[in-house]
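K.L.:
Quick one: the structure is below, questions incoming.
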Amino acid sequence: MAVVEAAPTLVSGTGEERSRSWLRALELIVPGAVLLLVVGACFVGPLVLPVPSPVGGNILESNLPAFSAGHLLGTDPNGNDVLARILHGGQSSLTIAIAVNLLGLLAGGTLGALSGYAGGVLDSVIMRVLDVLIAFPSLVLTLAVAQSLGPSQTNTILALAFFSVPAFARISRAATLRLREQPFMVAARLCGTRGWRVLLRHLAPNIMPQLITFGMLGMGIIIVIEGALSFLGLGIPPPAPSWGNMIAQGQASLSATPILVVWPCVALFITVLAFNLLGETLRARWSGR
Amino acid sequence: MRPLALVLASALVAAACGGGEDTAGNAPAGPPQRGGELTVLEDAAFGGGWPTGLDPATNSTGGANLSQMGAIYGGLFNLKANDDGSNAKAVPNQAEGYKMLDGGKTVKITIRDGIRFTDGTPMDAKAVAFNFRRAVGSPCTCAPIWPLEKNGITTEGERTVVLNFTRPFAPVINAFPVTNVNWIVSPTALRKMGEKKFKITPVGAGPFTVVTNKLSSELVLKRNPNYFKKGRPYLDRLTIKSIGGDQPAYQALLAGQADAYLGMNTEPLIEQARSGNQLTVATQPPTSPYVIQLNTKAKPFDNQRAREAIYYATDFDAIAKGLFKDRYPVSQGFTGPGGLFHHEKVPGYREHNPQRARQIVNQLGGLTVNLGTLENYVAIQVMTALQTQWQKAGIKVNIKKYELSTLVQEFNNGNWQAMLQTAGAWDPAAGVGVAFRFSNDSPFSGVNDQKLDGLLNGATATLDNAERDRLYQQASKHISDQAYAPFGLAFAPTNLAVDGVHGPGLTTKIPPIVVNSAVIWDEVWRTR
Amino acid sequence: MTTTAPPDPRESRVLSRVLGSPSVRLIGKRVLMAVPIILGVSILTFWVLSLIPGNAAQQVLGPDATAAQVRALEQELGLDQPAVTRYLDWLGGAVQGDLGNSLISGQPVSGELGSRLAVTGELVGLAFVISIGLAVPVALLAAYKPNRLVDRISMVVSITGLSVANYVLALLLVLVFAVQMTVFPAIGFVPLSEGVGANLHSLALPAAAIAFPLFCFYTRFLRGDLVDQMQGEDYIVTARAKGIGPWRVLLRHAFRNSSFGLITVVGLNLGTLIGSTVIIEQIFALPGIGQLLLQAINTRDFIVVQACVVVFAIIAVLANLVADLLYAVLDPRIRYGSR
Chain A
3 MAVVEAAPTL VSGTGEERSR SWLRALELIV PGAVLLLVVG ACFVGPLVLP
53 VPSPVGGNIL ESNLPAFSAG HLLGTDPNGN DVLARILHGG QSSLTIAIAV
103 NLLGLLAGGT LGALSGYAGG VLDSVIMRVL DVLIAFPSLV LTLAVAQSLG
153 PSQTNTILAL AFFSVPAFAR ISRAATLRLR EQPFMVAARL CGTRGWRVLL
203 RHLAPNIMPQ LITFGMLGMG IIIVIEGALS FLGLGIPPPA PSWGNMIAQG
253 QASLSATPIL VVWPCVALFI TVLAFNLLGE TLRARWSGR
Chain B
31 MRPLALVLAS ALVAAACGGG EDTAGNAPAG PPQRGGELTV LEDAAFGGGW
81 PTGLDPATNS TGGANLSQMG AIYGGLFNLK ANDDGSNAKA VPNQAEGYKM
131 LDGGKTVKIT IRDGIRFTDG TPMDAKAVAF NFRRAVGSPC TCAPIWPLEK
181 NGITTEGERT VVLNFTRPFA PVINAFPVTN VNWIVSPTAL RKMGEKKFKI
231 TPVGAGPFTV VTNKLSSELV LKRNPNYFKK GRPYLDRLTI KSIGGDQPAY
281 QALLAGQADA YLGMNTEPLI EQARSGNQLT VATQPPTSPY VIQLNTKAKP
331 FDNQRAREAI YYATDFDAIA KGLFKDRYPV SQGFTGPGGL FHHEKVPGYR
381 EHNPQRARQI VNQLGGLTVN LGTLENYVAI QVMTALQTQW QKAGIKVNIK
431 KYELSTLVQE FNNGNWQAML QTAGAWDPAA GVGVAFRFSN DSPFSGVNDQ
481 KLDGLLNGAT ATLDNAERDR LYQQASKHIS DQAYAPFGLA FAPTNLAVDG
531 VHGPGLTTKI PPIVVNSAVI WDEVWRTR
Chain C
2 MTTTAPPDPR ESRVLSRVLG SPSVRLIGKR VLMAVPIILG VSILTFWVLS
52 LIPGNAAQQV LGPDATAAQV RALEQELGLD QPAVTRYLDW LGGAVQGDLG
102 NSLISGQPVS GELGSRLAVT GELVGLAFVI SIGLAVPVAL LAAYKPNRLV
152 DRISMVVSIT GLSVANYVLA LLLVLVFAVQ MTVFPAIGFV PLSEGVGANL
202 HSLALPAAAI AFPLFCFYTR FLRGDLVDQM QGEDYIVTAR AKGIGPWRVL
252 LRHAFRNSSF GLITVVGLNL GTLIGSTVII EQIFALPGIG QLLLQAINTR
302 DFIVVQACVV VFAIIAVLAN LVADLLYAVL DPRIRYGSR
């Protein structure tokens, strides 16, 4: 998005334009690097760095301030190391966000593409079902699913997929409708290519970029909603950490121990910012302007 | 607005207590004053939820709604105590007195003369007997557990109700303040309105009458001008509001949107309130200690060695120190220091000894335990700490939080292993007392022991307090000897109030009979 | 999605065309389509609720109740009936406008719903007004000169807003504006009948807590769309070539076109938005429908949950319908069904 000013006709030339193309590269590299750093820190960090366990801390070391010996960011009320919880919590938050978006991308993307490509009765049926899901207050559905399945990482992912699948399907259908009558699609159909082959070989590569960028933008939203589930007593079951449940647990005594909310919020902010910047950049590139 | 003297006085008191102690229990500023309004908050998840209305016979959360019920109905008996919570006693309020006859098998309760419901009809023996009969069959867990004879509720003259029991029932009066027989509705008003309407705008003879009632959200009450005590209540208006948790409630108090909050649990906030010097902080005298119930009817705790390992692996002293700065005492039996029949030590109690625990676990060839508790800030913290301690002794621990319904399921199907719960009550035989967790016929017990049942039943069936004390001591020792369930921290909720609010149970201490203390609303007043 | 031609500026003619038969047919078709959606929502709710363990009887009686007590109450509430029977009973009443009685309190649901809907409706309405009212000028400023200071700041603010959970924001707002500065109340609701000023005053913080993330979302959405329009659309190029000033192009041409997209997004947002009122009403002790819904889920009062969800669904469907109709009014091509 942020790069749309650089029109495609300006390929090379003045120094200003060259610095712009350098800037364009940066807009991809910086958020990408930040994300790599975050993912690396969360998934590899605890294996390599000497961080203590995120659970099972010593109760006598509860609520230590930051920069205490052995606890860079201090400890929580249970005596667990906050840094360790941020890193491990990032694992589950990122896993959930990626899984939910992946589910949305695959299930929702396929449904939407099928619906848009086939049209007719199938389209009507799929769209009505999606309308029902969209008209349904999403938090209620999530609450109900989470309560009936019980709190766990897998169930949280399933519950949150109710948000992502209809959204992805809508976008995928709209993109498919736009592409349907494009010459290359018509040509493929006229050549007698089978339906699923058209979908897979010709349609999928063309709608994928849009779906992926949407997913990038949705990462932060999913992490925040997982926290909302924790706030209501669902989501990732403690003592296992996630950024969402750390925020939700911390808010219970926000005025007394604000720092417990600040750390996961900062981690969340950096990650969401990076995902959003990357998503915007990709969107701007793929939209082709 | 408030007199400078009071501000100075409370500042001095706070200074004298080092800023860390309760500000409750100190001398109030002068004689009570009439007038003013009060907005009281309660947690939506407990006292602030009254989804089934406020008719004592159909309110199934009556045990949590002591404030609402007390304000509307007053109560035949109230639990009163010294300002520091000592010397607690169930004293007659709308009742004039009671007599125990036939060694406790007959109870005669006399009603005060001349009390009228707010609809003008008299509160006489007939009305009270009508209420007792309704309460006995009610679906609330706050219904009385009287061993009634057939047609055991009768009247004698205008003002006396007679209860006939099949056996002596010692806690009958002590249990009144948390039982729905304490709250007397106007039978005439009930008949006129019908049950459905009555539960929204009930009519009693208490200090306040209902103005509006939005279930589990807001109850607005105004002063009952014809209240039977002259000059009471002091307040003109009382509003009870439901709020979603300790943190928003604390902020609402600081922002001046509410005057009191009942039942705070979140320790860091209690700490903050204490050091802030803006609020009166009254932590109630604890009566119900935490207990780790072990299911002796299933593996692995059908083996006493496994139970002993849990005793040795558990260090409640460290939890009391680390999590609660030693603010709450640790019990070795089912009573807390605020309750009756409390003894600090149980002879032969197995104290923390991680080496012994590890040794036993090794002998057993390892031990894996599922430990659960009901969702609640303090319980979760304690459970998490226990998990850590047990793991240090080589025990594998899976922890689980339950909601009410899943907890009930767990108990019903009998597969549970260890549950962190609270046990006991101010009077161990009242409300969710000790039998509830330990007697064989309770579905929420993991113990099947006839000797223990005998001791507990015996203590319920005698009026002799020395004898009761002896039996309860024996029961405690028996539980400890058999390693049925380690006891721990006796926690009690804290009430917060803004400056200038005074009242028994609100800014002074009254032991909670079960979970929360009953505020004596007709004595609550505020400095103007 | 929004790269449509600019709307016909001659409003009166547009209006008269809308009242013509194609539009009426469109409305009729959309209203008819709403019926199966709402029916679907009610079935889905019933099914999902039947998956949740525990029932109202058990929940009301608490952990200390005996099995016999629970069974007796179940019978009294009709919970021993099979789910299909209960659904058909409910549906039969609902069609006639009777949403049933709460399982827990025994009171008619419709009465309870009415008063609470007013609170939530006002809260959500206010949040919409604040968020859109702020998002439009900010997005315009940002899109006026993309990638300059204003744009960058709005970007950082928006992303901050999207990465801070609204319940944390709510508590922070209370801490700053109610506890520290005491300018707004921390909890409670003053009904409109007690004065507009007092009413708005009481809703300021909760509305702000809901509005801020929305504002961030709308700002980003609108800004992106505006920049897209300004960069490549032919009509913008034409307008510019005619010598129309940049602000005028942005306002009269690009913004009018982008507003279609905004309307659609706002309509789709409503379902999610009602979800977030659940938490906010809890924190601010507002007697709204979200509070009722959460209580009802927790006490397994499925009749109330069902009613709340169906009302939400009707509102969401209506909002989308209005969005579609607005769209049709503004874009002639859609009116004639040539989508």
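Protein chains in written order, with our numbering: chain A, 3 to 291; chain B, 31 to 558; chain C, 2 to 340.
Backbone N, C-alpha and C fix where the C-beta goes; we use that ideal spot for every residue, glycine too.
Quick check: the segment 166-180 of chain B against the segment 470-482 of chain B, are at least 3 beta-carbon pairs closer than 8 angstroms?
P.N.:
Too few Cβ pairs lie closer than 8 angstroms, so no.
K.L.:
Write down the C-beta distance between Ala448 (chain B) and Ile322 (chain B) rounded to the nearest angstrom, noting that I regard them as a contact closer than 8 angstroms.
P.N.:
Confirmed, Cβ separation roughly 6 angstroms.
K.L.:
For the segment 417-434 of chain B, enumerate the residues whose C-beta is nearer than 9 angstroms to any C-beta of chain A, in chain order.
P.N.:
Cβ contacts with chain A: Gln417, Thr418, Gln419, Gln421, Lys422, Ile429, Lys430, Lys431, Glu433.
K.L.:
Check whether chain B comes within 8 angstroms of Pro207 (chain C), counting only Cβ atoms and requiring the distance to be less than that.
P.N.:
So no, Pro207 (chain C) is outside the interface.
K.L.:
Keeping to the same chain, check which residues put their C-beta closer than 6 angstroms to that of Pro241 (chain A); ignore five residues upstream and five downstream.
P.N.:
For Pro241 (chain A), where only same-chain residues beyond five positions count, the Cβ hits under 6 angstroms are Val57.
K.L.:
Do Leu201 (chain A) and Tyr119 (chain A) have their beta-carbon atoms positioned less than 8 angstroms apart in this structure?
P.N.:
The answer is yes: Cβ separation under 8 angstroms.
K.L.:
Is there a Cβ of chain C sitting closer than 8 angstroms to that of Ile159 (chain A), yes or no?
P.N.:
Not one chain C Cβ lies under 8 angstroms of Ile159 (chain A).
K.L.:
Could you tell me which uninterrupted alpha helix (DSSP H) segments, each at least 4 residues in length, are contained entirely in the segment 292-321 of chain B, listed from first to last along the chain?
P.N.:
You should have 297-306.
K.L.:
Strictly below 7 angstroms CB to CB, what residues from chain A border Tyr236 (chain C)?
P.N.:
The premise fails here: Tyr236 (chain C) is roughly 15 angstroms from chain A at the closest Cβ pair, so nothing lies under 7 angstroms.
K.L.:
Any idea what DSSP makes of Thr215 (chain A), helix, strand or coil?
P.N.:
Thr215 (chain A) falls in the helix class under three-state DSSP.
K.L.:
So, helix, strand or coil for Lys426 (chain B), using DSSP?
P.N.:
Reduced to three states, the DSSP call for Lys426 (chain B) is strand.
K.L.:
Over what stretch of residues does the beta strand (DSSP E) that includes Pro288 (chain C) continue unbroken?
P.N.:
Pro288 (chain C) -> no beta strand (DSSP E), and no H or E assigned at all.
K.L.:
Closer than 8 angstroms by beta-carbon distance: list the chain B residues that pair up with Thr259 (chain A), in chain order.
P.N.:
Simply Pro298.
K.L.:
Counting only runs of 4+ residues fully inside the segment 151-183 of chain A, write out the alpha helix (DSSP H) ranges in chain order.
P.N.:
Whole alpha helix (DSSP H) segments, 4+ residues: 155-182.
K.L.:
Counting only the same chain and skipping the five closest in sequence on each side, list residues whose C-beta sits under 7 angstroms from that of Val427 (chain B).
P.N.:
Answer for Val427 (chain B): Val399, Leu401, Gln417, Trp420, Gln421, listed in chain order.
K.L.:
Work out the CA separation of Leu62 (chain A) and His73 (chain A) for me, nearest whole Å.
P.N.:
Going by the C-alpha atoms only, they are around 14 angstroms apart.
K.L.:
Alpha carbon to alpha carbon, how far is Gly222 (chain A) from Leu275 (chain A)?
P.N.:
Going from the Cα of Gly222 (chain A) to the Cα of Leu275 (chain A) covers about 8 angstroms.
K.L.:
I need the DSSP call for His73 (chain A), collapsed to helix, strand or coil.
P.N.:
Of the three classes helix, strand and coil, the one that applies to His73 (chain A) here is strand, per DSSP.
K.L.:
Am I right that Gly366 (chain B) and Pro523 (chain B) are in contact with their C-beta atoms under 8 angstroms? What's the rounded C-beta distance?
P.N.:
That pair is no contact at about 13 angstroms.
K.L.:
What does the Cβ neighbour count give for Ala44 (chain B), buried or exposed, with the cut at 16 atoms within 10 Å?
P.N.:
Confidence at Ala44 (chain B) is low in this model, with a pLDDT of 33, below 50, so the placement of that residue should be treated as unreliable; the coordinate-derived value is given next. With 16 or more other Cβ atoms within 10 Å, it is buried.
K.L.:
Looking only at its own chain, which residues have a Cβ that is under 7 angstroms from the Cβ of His204 (chain A), when we skip the five neighbours before and after it?
P.N.:
Closer than 7 angstroms at the Cβ level, and outside the excluded window around His204 (chain A), lie Phe186, Met187, Ala190.
K.L.:
Give the C-beta separation of Gly352 (chain B) and Ser70 (chain A) to the nearest angstrom, bearing in mind that I take them to be a contact with Cβ-Cβ under 8 angstroms.
P.N.:
About 15 angstroms separates the two Cβ atoms, so there is no contact after all.
K.L.:
What separation, rounded to the nearest whole angstrom, lies between the Cα atoms of Glu440 (chain B) and Ala35 (chain C)?
P.N.:
About 43 angstroms.
K.L.:
Three or more beta-carbon pairs under 8 angstroms between the segment 238-248 of chain B and the segment 160-174 of chain B, yes or no?
P.N.:
Output reads no: the segment 160-174 of chain B does not touch the segment 238-248 of chain B.
K.L.:
Going residue by residue through the segment 307-394 of chain B, where are the continuous alpha helix (DSSP H) segments of at least 4 residues, counting only ones entirely within it?
P.N.:
With a minimum length of 4 residues, the continuous alpha helix (DSSP H) runs that stay inside the segment 307-394 of chain B are 334-343, 346-354, 384-394.
K.L.:
For Leu263 (chain C), which residues of its own chain have a beta-carbon under 6 angstroms away from its beta-carbon, when the five flanking residues on both sides are left out?
P.N.:
Leu223.
K.L.:
When you compare the CB of Ala137 (chain A) with every CB in chain C, is at least one pair closer than 8 angstroms?
P.N.:
By this cut-off, Ala137 (chain A) is an interface position.
K.L.:
When the Cβ atoms of the segment 266-274 of chain B are set against those of the segment 493-511 of chain B, are three or more pairs found closer than 8 angstroms?
P.N.:
Too few Cβ pairs lie closer than 8 angstroms, so no.
K.L.:
Run through DSSP, which three-state label would Arg149 (chain C) get?
P.N.:
Looking at Arg149 (chain C) - three-state DSSP - the assignment turns out to be coil, as it is neither helix nor strand.
K.L.:
Around the C-beta of Glu297 (chain B), are 16 or more other C-beta atoms found within 10 angstroms, so that it is buried, or is it exposed?
P.N.:
Buried is the call here.
K.L.:
Whole angstroms are fine: how far does the CA of Arg304 (chain B) sit from the CA of Leu106 (chain B)?
P.N.:
So the two alpha carbons sit approximately 35 angstroms from each other.
K.L.:
Shortest alpha-carbon distance to Ile131 (chain C) belongs to which of C:Pro192, C:Val267, C:Ile53?
P.N.:
It is C:Val267 whose Cα lies nearest to the Cα of Ile131 (chain C).
K.L.:
Assuming Val531 (chain B) contacts Ala328 (chain B) under a Cβ cut-off of 8 angstroms, what Cβ separation, rounded to an integer in Å, is found between them?
P.N.:
Going by Cβ atoms, the distance from Val531 (chain B) to Ala328 (chain B) rounds to 50 angstroms, so no, they are not a contact pair.
K.L.:
Hey, is the segment 166-185 of chain C in contact with the segment 96-106 of chain C, meaning 3+ C-beta pairs nearer than 8 angstroms?
P.N.:
As far as the Cβ criterion goes, the segment 166-185 of chain C does not touch the segment 96-106 of chain C, which means the pair count is below three.
K.L.:
Within 8 angstroms (strictly less), CB to CB, does Thr53 (chain B) reach chain C?
P.N.:
Note that Thr53 (chain B) scores a pLDDT of 49, beneath 50, so its modelled location is shaky and nothing firm can be said.
K.L.:
Specify the secondary structure class of Thr86 (chain C) as computed by DSSP and reduced to three states.
P.N.:
Helix at Thr86 (chain C).
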